[in-house]
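In our numbering, the protein residues as written are 67 to 172.
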C-alpha cells in the first residue's frame with residue numbers, strides 16, 4: 067500500500083504541466099528586437115510549452131494588416147523545426163494572434 071502511494075507520488079512529480087506563454091509584437095518590430103523575441107519563442111518551445119504570439123496594431127497600422135500577417139508567417143517559417151502552428155493567424159479586434167505548439171518528440 068505504501069509503495070503504491072509512493073510510486074504515484076513520484077509519477078506526479080515527473081509530470082510536466084504545459085503552459086501557454088505569450089509573446090507580444092508590433093508590425094513595425096525591427097530586426098534586433100525580432101531576434102530577441104524569436105529566441106524567447108524557441109526557448110519556450112524547447113521547454114515543451116505552447117506559445118501565443120500576439121501582434122498589436124495601433125492607429126494607421128490597421129490599414130496594413132498584410133504586414134502583420136507576413137511577420138507571423140516569417141515567425142512560422144523560422145520556428146518550423148521546433149514547433150507547429152496549432153491555431154492559424156487570425157484577427158481579433160486590433161490584434162492578430164497565432165498559437166504555436168512544440169513538435170512531438172519521436
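Where a beta carbon is used, it is the ideal one built from N, C-alpha and C, also for glycine.
Entirely enclosed beta strand (DSSP E) segments - the segment 94 to 137, minimum 3 residues | Unbroken beta strand (DSSP E) stretches of 3 residues or longer found wholly inside the segment 94 to 137: 116 to 122, given in chain order.
Which of helix, strand or coil does DSSP assign to residue 146?
-> In this structure, residue 146 counts as coil in the three-state DSSP scheme.
CB residue 160 to CB residue 122, shorter than 8 Å?
-> Yes; because the gap between Cβ atoms is below 8 Å, this pair is in contact.
Coarse secondary structure for residue 80, derived from DSSP in three states | Annotated three-state conformation of residue 80 is helix, per DSSP.
Specify whether the segment 128 to 135 and the segment 103 to 118 touch according to this definition: at least 3 beta carbon pairs, one from each stretch, less than 8 Å apart.
-> Contact check between the segment 128 to 135 and the segment 103 to 118: fewer than three CB pairs, one atom from each, fall below 8 Å, which does not count as touching.
From residue 157 to residue 163, what distance separates their C-alpha atoms?
-> Approximately 7 Å between the Cα atoms of the pair.
Using DSSP with H/G/I as helix, E/B as strand and the rest coil, what is residue 85?
-> For residue 85, the secondary structure class from DSSP, reduced to helix, strand or coil, is coil.
In angstroms with no decimal places, state the Cα-to-Cα distance between residue 94 and residue 165.
-> When rounded, the distance between both Cα atoms is 20 Å.
Residues that DSSP places opposite residue 168 in a beta bridge = In DSSP, residue 168 forms a bridge with 149.
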